[in-house]
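Only one structure is covered here, and it is reproduced in the block below.
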Amino acid sequence: MLPAFLGSILDLVVKTSTDLAPDVRAAMKAALDQEPAGTQSAQALTIIAENIDQAADGEGAICQDTGMPTFEIRAPIGANLAWMSQQIRDAIAEATRRGKLRPNSVDSITGKNSGNNLGPGTPVIHFEQWDQDEIEVKLLLKGGGCENTNIQYSVPCELPNLGRADRDLDGVRKCILHAVWQAQGKGCSPGAVGVCIGGDRTTGYAHAKQQLFRTLDDVNPDPVLAGLEAAIMKTVNVLGIGTMGFGGKTSLIGCKVGVLNRLPASFFVSVAYDCWAFRRLGVVLDPRDGSITRWLYRDPSHPALPMLDQAGFTRTGKEVVLTSPISEEQIRSLRVGDVVLLNGMMYTGRDSVHSYLMKHDPPVDLQGGILYHCGPVVLKDGDGWKMMAAGPTTSIREEPYQGEVIRKFGVRAVIGKGGMGPKTLAALKDAGAVYLSAIGGAAQFYARCVEQVTGVSLLEFGVPEAMWHMQVRDFPCIVTMDSHGNSLHKDVETESAKQLATLA
Ligand code: SF4
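Numbering (our numbering), first residue to last: 8 to 511.
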């Protein structure tokens, strides 16, 4: 067999999870350079840049959601694909054991996490055989927040603010613009889209995702598609969605379009949205021993330059410092746009915890407390735990529960990303609480704000879904929904909808 194959795949998985490819770094650096200093998007981009550097330096996961591992492999005729699949699964389990991947594979009926990222459909491995004497392995790690913003259109259709999308290139253009708009900050913008025109519902999505294996700076060899990609990139940033949906100059860092034949009766436009933490790398392996002969998307002889050539997130003196438990008076004094630095105890809670709280009392006292929508990567460390990655998860999933949790248990601050809806906004106002946006994907940055993991409840839900008890220091967030009925997310969505209409 190939003695170096497993090690090569493990190297690929670790590098993909921890070190962003140069083309993505360049796009994010351009976004950072464009944003006027002091804006919320600029602050967010500074934290993102710091996080990218921290992840590469410390070989930690860039984002705590290490996503669905998707492998695209081309192997010589005669290669043992079953053996390779098993080796890949072993490498994934090992990367998970080392904390480079979060345990992310959950039984869809029981909700039980397999703990090692293995299970039916996980990881995704696609093989193709080719007539070259080498093995090419490409890997995409795409998380749930951005995966949930994928969208498929069946044209002709009516699109809000854009009118009718017909079965032509202009109709496709409208679908792509709508896809970016509807994602807002939920997919951790600025993102990139892979698009497929045509195919059926299944192949359309698969081909859209495959476009994400192209580099952000390439030019489509098909001049018609190249023109469409350029037209999107030239106009889309007028939407003003900005980083994390805070409003700003860059909403999209790449648009890559492919095309498949379709049935005469169908015309699908499928859009795969990837976040700024666009983790995609590849290797070429020697078919005799499985060793890496070269890397794709990166050149190890030219290490990536740091993202930040300045200090990272620095205090301006205007930040509001809060220590939990927080009083109603402190919360009522906050307004949308305020930057807060949190200290004291914070508790994680996402889908399983919220569902649990509908029927049970919380395992800890949440009066005046801070609830963090976060599914961290945590490793056992002797008798205790070590926080490895701790960025926010998409909050809107908790919209059906959040208002009740706030009212019933006295939570004063909810932290997450992407914003929440009207039910939560009403509860914030009634009960005196705020929604704080943390910067999506900044998992290393926020892990460094965790001084200690003091305990865990509901671990039976699995590591990402458990309630982690964390002592934090100077944990920065932005107030994006306050206790006076204001929501930055609602404002940006409304304003960007008007801009979308100008592109009809
Ligand atoms: S950066 Fe955001 S959307 Fe991307 S994987 Fe992380 S949490 Fe999910």
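Even for Gly, the Cβ is constructed at its ideal location relative to N, Cα and C.
Starting from residue i, follow the beta strand (DSSP E) in both directions and report where the run begins and ends.
| i | result |
| --- | --- |
| M75 | 75 to 83 |
| F482 | 474 to 488 |
| D281 | 275 to 281 |
| Y379 | 377 to 379 |
| I260 | 259 to 266 |
| S444 | 441 to 444 |
| M394 | 391 to 396 |
| S464 | 457 to 464 |
| R286 | 286 to 292 |
Output needed for residue i: all residues of its chain with C-beta closer than 7 Å, excluding positions within five of it in sequence on either side, in chain order.
| i | result |
| --- | --- |
| R339 | G439, S490 |
| T46 | G255 |
| E165 | R171 |
For residue i, is the beta carbon positioned less than 7 Å from some heavy atom of the ligand SF4?
| i | result |
| --- | --- |
| T250 | no |
| D72 | yes |
| G423 | no |
| G261 | no |
| G194 | yes |
| I426 | The question names Ile, but residue 426 is Gly in the sequence shown. Because no heavy atom of the ligand SF4 lies under 7 Å away, the Cβ of G426 does not count as near it: no. |
| T23 | no |
| G201 | no |
| G151 | yes |
| W475 | no |
| A284 | yes |
| G448 | yes |
How is the alpha helix (DSSP H) around residue i delimited, first residue to last?
| i | result |
| --- | --- |
| H1 | Beyond the ends of the chain as shown, which are 8 and 511, falls residue 1; an answer cannot be given. |
| S48 | 47 to 65 |
| V36 | Contrary to the premise, residue 36 reads as Lys rather than Val in this sequence. Segment 29 to 41, the alpha helix (DSSP H) holding K36. |
| A433 | 429 to 438 |
| M240 | 230 to 242 |
| D537 | For the chain, the structure presents residues 8 to 511; residue 537 sits outside this window and is missing. |
| A450 | 450 to 454 |
| G426 | Segment: none, G426 is in no alpha helix (DSSP H) and carries neither H nor E. |
| P414 | The amino acid occupying residue 414 in the given sequence is Arg; Pro does not appear at that position. Unbroken alpha helix (DSSP H) run through R414: 406 to 416. |
| E336 | 335 to 339 |
| R104 | 88 to 104 |
One question on the structure: do residue i and residue j come within less than 8 Å of each other, judged by their Cβ atoms?
| i | j | result |
| --- | --- | --- |
| D72 | T355 | no |
| G178 | V162 | yes |
| A98 | N123 | no |
| L39 | A62 | no |
| M395 | G67 | yes |
| V276 | Y160 | yes |
| A450 | C484 | no |
| L406 | K430 | Checking the sequence shown, residue 406 turns out to be Glu, not Leu. Yes, they are a contact pair. |
| Q409 | A434 | yes |
| S464 | P370 | yes |
| V479 | N350 | yes |
| A102 | V21 | yes |
| G469 | N120 | yes |
| I260 | P310 | no |
| L219 | D281 | yes |
| G447 | C195 | yes |
| I248 | S503 | yes |
| P110 | P471 | yes |
Return the chain-ordered list of same chain residues with a C-beta closer than 6 Å to the C-beta of residue i, the five sequence neighbours on each side being excluded.
| i | result |
| --- | --- |
| W521 | Nothing can be reported for residue 521, as the shown portion of the chain is limited to 8 through 511. |
| V328 | L348 |
| E143 | R81, V291 |
| H133 | E79 |
Between which residues of its own chain and residue i is the CB-CB distance below 8 Å, once the five residues before and five after are set aside?
| i | result |
| --- | --- |
| D437 | R414 |
Nearer than 7 Å: is that true of the beta carbon of residue i relative to any heavy atom of the ligand HEM?
| i | result |
| --- | --- |
| T400 | Here the bound small molecules are the ligand SF4; the ligand HEM is not part of this structure. |
Would you check if the region 237 to 249 and the region 295 to 310 touch, i.e. whether three or more CB-CB distances between them fall below 8 Å? Not touching, per the Cβ criterion.
Using a Cβ distance threshold of 8 Å, determine whether the region 496 to 503 contacts the region 46 to 63, with at least three qualifying pairs required. Remark: fewer than three beta-carbon pairs, one from each stretch, lie closer than 8 Å, so the region 496 to 503 and the region 46 to 63 are not flagged as touching.
Contact between the region 175 to 191 and the region 113 to 120: three or more CB pairs below 8 Å? With a cut-off of 8 Å, the region 113 to 120 and the region 175 to 191 do not count as touching, because too few Cβ pairs lie within range.
Contact between the region 422 to 429 and the region 394 to 413 (3+ Cβ pairs under 8 Å): Result yes; three or more Cβ-Cβ pairs closer than 8 Å.
Cβ pair count under 8 Å reaching 3, the region 464 to 478 against the region 371 to 386: Output reads yes: the region 371 to 386 touches the region 464 to 478.
Kindly confirm or deny that the region 82 to 90 and the region 19 to 35 touch, where touching means at least three C-beta pairs closer than 8 Å. Contact between the region 82 to 90 and the region 19 to 35 is absent: fewer than three C-beta pairs spanning the two stretches fall below 8 Å.
Sufficient close CB pairs (3 or more, under 8 Å) joining the region 225 to 236 to the region 280 to 290: With a cut-off of 8 Å, the region 280 to 290 and the region 225 to 236 do not count as touching, because too few Cβ pairs lie within range.
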